[in-house]
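Engineer: Respectively, the protein sequence lines represent chains A, B, C and D.
Each residue of the first sequence is one higher than the one before, starting from 2 at the first, in my numbering.
Each residue of the second sequence is one higher than the one before, starting from 2 at the first, in my numbering.
Each residue of the third sequence is one higher than the one before, starting from 250 at the first, in my numbering.
Each residue of the fourth sequence is one higher than the one before, starting from 250 at the first, in my numbering.
Submitted below is the structure of interest, expressed as structure tokens.
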Amino acid sequence: MDEIRVQTDDFSVADEYEACGAAAGLDCGAIATFIGLVRHADGDSKVEGLHLEHYPGMTEASIKNIIEDARNRWSLQHVRVVHRIGTLPAGSQIVLVVVASSHRPDAFAACEFIMDFLKTEAVFWKKEIRSDGELWIRSTSGDYERRDGWDDGVSSVGE
Amino acid sequence: MDEIRVQTDDFSVADEYEACGAAAGLDCGAIATFIGLVRHADGDSKVEGLHLEHYPGMTEASIKNIIEDARNRWSLQHVRVVHRIGTLPAGSQIVLVVVASSHRPDAFAACEFIMDFLKTEAVFWKKEIRSDGELWIRSTSGDYERRDGWDDGVSSVGE
Amino acid sequence: MAINVKVNVLFFASLKEDLGVSEIELDVSDRAGRSDLLDSLTSELGSDCVSPLMAENVSIAVNRSIEKGEFVLKSGDEIAFLPPITGG
Amino acid sequence: MAINVKVNVLFFASLKEDLGVSEIELDVSDRAGRSDLLDSLTSELGSDCVSPLMAENVSIAVNRSIEKGEFVLKSGDEIAFLPPITGG
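See below:
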């Protein structure tokens with residue numbers, strides 16, 4: 002069973018990595034992990050923190066869909082996605098993706114795929130709390146390009 | 002300063018992740034990590050363990066070169082590579098790569114690039130200890146294809 | 250005479266801030282569609298709500314499923330107005 | 250008369266197993282090249298060493314730098330015979 006959690010509490014990378022190893026089993030050869038953090042700076046503005054909202058139920062379902070899509074593309078043993086909500090000061094951990102597979106190309110590709118789709122398809126809203134005001138963030142054109150890149154063969158590099 | 006270690010002792014993913022966060026500083030938004038493990042099975046043969054050798058001095062220099070190449074391609078804040086040598090039973094951790102960057106495309110691409118080049122360019126030798134005998138392992142044609150893939154524009158996806 | 254049913258309407262993120270409300274219970278006619286819903290919302294929240302709710306980048310979810318076309322509401326449905334999403 | 254100098258020769262992994270030795274100190278003529286080195290190794294280890302050491306996929310490093318072409322040895326050099334490498 003994969004793990005999907007949306008929570009206000011911080012997560013422990015060590016705990017999630019261990020849980021992944023235990024769930025993945027004996028044939029696991031590769032664990033790829035990504036952690037997203039609240040940056041202190043974004044261009045010229047100082048970022049004091051981030052405020053994240055979600056839609057209970059729908060958000061988890063959107064993450065589940067993304068993982069299912071990844072599982073249809075690659076051979077994966079275990080996937081964990083932990084995403085925080087609430088108000089997170091700069092420097093905080095926001096999101097964790099852990100993917101276990103027999104082989105590294107699958108683990109890498111799936112981890113990156115899941116992050117790319119979290120950016121554009123997961124039901125979250127993010128507000129930057131800056132020194133000069135607050136701003137709701139939207140997916141960038143780069144985010145959409147990266148998502149759409151999975152349709153035209155980029156994913157096949159790892160296969 | 003990046004961190005390069007070749008050691009017989011096991012490593013702690015938690016410690017390396019923390020050290021990376023501390024070294025990366027305030028503008029870190031993305032940490033990509035990869036851990037390679039000794040698989041219990043490889044095709045039909047049961048793998049009991051792996052024996053790894055290195056060439057002290059030259060091995061570390063080869064890893065340093067790989068990291069320098071990655072730094073020339075992407076904007077990275079901190080890189081850690083820890084590689085074990087000696088006899089490692091199935092299930093053991095072999096290698097850890099941690100990459101910190103402001104942005105996730107750079108962290109992902111550099112982490113995968115470093116692993117691809119560790120497979121083909123780092124000065125290690127690996128012997129599989131199987132139920133049916135011992136076998137020195139060589140880079141596969143897939144390993145070389147992945148390495149060479151970085152020359153023809155795949156890396157530009159993340160830029 | 251149309252029979253009225255109760256549905257629940259949720260507003261998230263910037264829409265919640267714009268409208269000053271996160272959730273309302275709404276009376277709509279049974280089998281109400283997209284335009285009936287908007288009429289009921291206008292009656293309840295005033296005509297200022299139309300512009301933010303009908304913005305091109307706002308999605309509507311009925312019972313947690315995005316509905317891009319027409320829909321038909323029944324008693325107890327949960328309707329959510331979603332400004333552009335971004336996670337990760 | 251050629252002056253002899255001492256160099257250190259290392260064998261790794263499968264080569265170490267094949268030759269049964271990981272490191273030898275070798276006398277070679279000063280400014281010895283690739284073929285002089287092989288001659289000295291044959292004298293020291295017997296002619297059975299030629300085939301594994303000269304295999305196409307074996308690299309030679311002089312002072313920890315891979316040398317694909319000719320090289321010239323001097324006293325104290327460290328020569329290493331490297332079978333195909335793979336890390337990660």
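Idealized CB from N, CA, C, for every residue including glycine.
(1) Counting only runs that start and end within the stretch 8-45 of chain B, where is the alpha helix (DSSP H) found for 4 or more residues in a row?
(2) Bridge partners for glycine 50(A) per DSSP, in chain order?
(3) If contact is defined by three or more beta carbon pairs under 8 Å, each pair taking one atom from either stretch, is the stretch 101-114 of chain B in contact with the stretch 71-80 of chain B?
(4) My parser needs the alpha helix (DSSP H) runs of 4 or more residues fully inside the stretch 272-305 of chain D; what are they?
(5) For chain A, check one thing: does any of its Cβ atoms lie closer than 7 Å to the Cβ of histidine 41(B)?
(6) For threonine 60(A), count the other beta carbons within 10 Å of its own beta carbon; 16 or more makes it buried, fewer makes it exposed. Which is it?
(7) Taking just the CA atoms, how far does threonine 121(B) sit from aspartate 144(B)?
(8) Quick check on DSSP: helix, strand or coil for asparagine 312(D)?
(9) So, is threonine 335(C) buried or exposed, given that buried needs 16 or more other C-beta atoms within 10 angstroms?
(10) Check whether the Cβ atoms of lysine 89(A) and leucine 51(A) lie closer than 7 Å to each other.
(11) In chain C, which residues lie less than 8 Å from lysine 127(A) when you measure between Cβ atoms?
(12) For chain B, find out if any of its Cβ atoms is closer than 7 Å to the Cβ of phenylalanine 261(D); answer yes or no.
(13) Please tell me whether tryptophan 137(A) and serine 263(C) are closer than 7 Å, where the distance is taken between their beta carbons.
(14) Kindly indicate which three-state DSSP category glutamate 266(D) falls into: helix, strand or coil?
(15) From the DSSP output, read off the bridge partner residues of tryptophan 137(A).
(16) Are the stretch 278-289 of chain D and the stretch 318-326 of chain D touching, with three or more C-beta to C-beta distances below 8 Å?
(17) Since lysine 120(A) is in the beta strand (DSSP E), which residue starts that stretch and which ends it?
(18) Using a Cβ-Cβ distance under 7 Å, would phenylalanine 12(B) count as near chain A?
(19) Write down the C-beta distance between valine 14(A) and isoleucine 36(A) rounded to the nearest angstrom, noting that I regard them as a contact closer than 8 Å.
(20) Taking the continuous beta strand (DSSP E) assigned at isoleucine 328(D), which residues delimit it?
(21) Among Cys29(A), Asp133(A) and Trp126(A), which has the Cα closest to the Cα of serine 46(A)?
(22) Determine the chain B residues that contact alanine 329(D) at a beta-carbon separation under 7 Å, and present them in chain order.
(23) Name, please, each residue of chain B whose Cβ falls closer than 7 Å to the Cβ of aspartate 114(A).
(24) Hey, could you find the ends of the beta strand (DSSP E) lysine 65(A) is sitting in?
(25) Residues bridged to arginine 81(B) by DSSP?
(26) Please report the residue range of the alpha helix (DSSP H) in which glycine 143(B) lies.
(27) How many whole angstroms separate the CB atoms of phenylalanine 125(B) and glutamate 54(B), which I take to be in contact at a CB cut-off of 8 Å?
(28) Using a beta-carbon distance below 7 Å, is arginine 34(A) in contact with chain B?
(29) Determine, using beta carbons only, whether alanine 111(B) and serine 63(B) come nearer to each other than 7 Å.
(30) Can you list, in chain order, the residues of the stretch 122-152 of chain A whose Cβ is nearer than 8 Å to any Cβ on chain C?
(31) Report the residue from Ala91(A), Phe109(A) and Cys21(A) whose alpha carbon sits nearest the alpha carbon of arginine 131(A).
(32) Could you tell me the alpha carbon to alpha carbon distance between leucine 38(B) and threonine 9(B), rounded to whole angstroms?
(33) Using a Cβ cut-off of 7 Å (strictly closer), state whether alanine 15(B) contacts chain A.
(34) How many angstroms separate the CA atom of arginine 147(A) from the CA atom of serine 140(B)?
(35) If leucine 287(D) sits next to valine 258(D), beta carbons under 8 Å apart, how far is it from one beta carbon to the other, in whole angstroms?
Structural biologist: Once the coordinates are examined:
(1) Listed in chain order, they are 14-25.
(2) To locate residue 50(A), count along the first sequence from 1; it is residue 49. The partner list for glycine 50(A) (beta bridge, DSSP) reads Pro90(A) and Ile130(A).
(3) With a cut-off of 8 Å, the stretch 101-114 of chain B and the stretch 71-80 of chain B count as touching, because enough Cβ pairs lie within range.
(4) As far as the stretch 272-305 of chain D is concerned, its whole alpha helix (DSSP H) runs of at least 4 residues are 283-294 and 299-302.
(5) Taking the first residue of the second sequence as 1, we reach residue 41(B) at position 40. Yes, histidine 41(B) lies at the interface with chain A (some Cβ there is under 7 Å from its Cβ).
(6) Translated into positions along the first sequence, residue 60(A) becomes position 59. Counting Cβ neighbours within 10 Å, threonine 60(A) comes out buried, since at least 16 surround it.
(7) Stepping through the second sequence from its first residue, residue 144(B) is reached at position 143. Stepping through the second sequence from its first residue, residue 121(B) is reached at position 120. Going by the C-alpha atoms only, they are around 7 Å apart.
(8) Mapped onto the fourth sequence, residue 312(D) falls at position 63. Per DSSP, reduced to three states, the secondary structure at asparagine 312(D) is coil, with no helix or strand assignment.
(9) On the third sequence, position 86 is the one that residue 335(C) refers to. Threonine 335(C) should be labelled buried.
(10) Translated into the one-based positions of the first sequence, residue 89(A) becomes position 88. Translated into the one-based positions of the first sequence, residue 51(A) becomes position 50. Inspection of the sequence shows that residue 89(A) is occupied by leucine rather than by lysine. Yes, the Cβ-Cβ distance between leucine 89(A) and leucine 51(A) is below 7 Å.
(11) The residue given as residue 127(A) occupies position 126 in the first sequence. The contacting residues are Thr335 and Gly336.
(12) The residue labelled residue 261(D) in the question sits at position 12 within the fourth sequence. Closer than 7 Å to some Cβ of chain B, the Cβ of phenylalanine 261(D) qualifies, so yes.
(13) Within the first sequence, numbered from 1, the residue matching residue 137(A) stands at position 136. Within the third sequence, numbered from 1, the residue matching residue 263(C) stands at position 14. Cβ atoms of tryptophan 137(A) and serine 263(C): closer than 7 Å.
(14) In the fourth sequence, the residue the question calls residue 266(D) occupies position 17. Here glutamate 266(D) sits in helix by DSSP.
(15) In the first sequence, the residue the question calls residue 137(A) occupies position 136. Answer is Lys128(A).
(16) Short answer: they touch.
(17) If you number the first sequence from 1, residue 120(A) lands on position 119. Segment 105-122 is the alpha helix (DSSP H) holding lysine 120(A); no beta strand (DSSP E) there.
(18) For the purposes of this step, residue 12(B) is taken as the residue at position 11 of the second sequence. No, phenylalanine 12(B) lies away from the interface with chain A (no Cβ there is under 7 Å from its Cβ).
(19) Stepping through the first sequence from its first residue, residue 14(A) is reached at position 13. Stepping through the first sequence from its first residue, residue 36(A) is reached at position 35. 6 Å between Cβ atoms; contact.
(20) Taking the fourth sequence and counting its residues from 1, the one referred to as residue 328(D) is at position 79. Its beta strand (DSSP E) spans residues 327-331.
(21) Here residue 46(A) corresponds to residue number 45 of the first sequence, with the count starting at 1. Scanning Cys29(A), Asp133(A) and Trp126(A) for the CA closest to the CA of serine 46(A) turns up Asp133(A).
(22) Taking the fourth sequence and counting its residues from 1, the one referred to as residue 329(D) is at position 80. Contact of alanine 329(D) with chain B by beta-carbon distance below 7 Å involves Tyr56.
(23) The count along the first sequence starts at 1 and reaches residue 114(A) at position 113. One detail in the question is off: residue 114(A) reads as phenylalanine in this sequence, not aspartate. Neighbours of phenylalanine 114(A) on chain B: none; closest Cβ ~10 Å, over 7 Å.
(24) Against the first sequence, residue 65(A) aligns to sequence position 64. Unbroken run through lysine 65(A) is the alpha helix (DSSP H), 59-74; no beta strand (DSSP E).
(25) Numbered from its first residue, the second sequence carries residue 81(B) at position 80. Answer is Glu4(B) and Val99(B), bridged to arginine 81(B).
(26) Within the second sequence, numbered from 1, the residue matching residue 143(B) stands at position 142. 142-150 is the extent of the alpha helix (DSSP H) around glycine 143(B).
(27) For this step, residue 125(B) is matched to residue 124 along the second sequence. For this step, residue 54(B) is matched to residue 53 along the second sequence. In this structure, phenylalanine 125(B) and glutamate 54(B) form a Cβ contact; the two beta carbons are roughly 7 Å apart against a cut-off of 8 Å.
(28) Here residue 34(A) is taken as the residue at index 33 of the first sequence, counted from 1. Reading the sequence as shown, one finds threonine at residue 34(A) and not arginine. It does; some Cβ of chain B falls within 7 Å.
(29) Indexing the second sequence from 1 puts residue 111(B) at position 110. Indexing the second sequence from 1 puts residue 63(B) at position 62. Between alanine 111(B) and serine 63(B), the gap from beta carbon to beta carbon reaches 7 Å or more.
(30) The stretch 122-152 of chain A vs chain C, Cβ under 8 Å: Glu122, Ala123, Val124, Phe125, Trp126, Lys127, Lys128, Trp137, Ile138, Arg139, Ser140 and Asp144.
(31) By one-based count along the first sequence, residue 131(A) stands at place 130. Comparing Cα positions, the closest option is Ala91(A).
(32) By one-based count along the second sequence, residue 38(B) stands at place 37. By one-based count along the second sequence, residue 9(B) stands at place 8. Distance between the alpha carbons of leucine 38(B) and threonine 9(B): 14 Å.
(33) For the purposes of this step, residue 15(B) is taken as the residue at position 14 of the second sequence. Closer than 7 Å: yes.
(34) Start at 1 with the first residue of the first sequence, and residue 147(A) comes out as number 146. Start at 1 with the first residue of the second sequence, and residue 140(B) comes out as number 139. Whole-angstrom Cα-Cα distance: 30 Å.
(35) As a position in the fourth sequence, residue 287(D) is number 38, starting the count at 1. As a position in the fourth sequence, residue 258(D) is number 9, starting the count at 1. That pair is no contact at about 11 Å.
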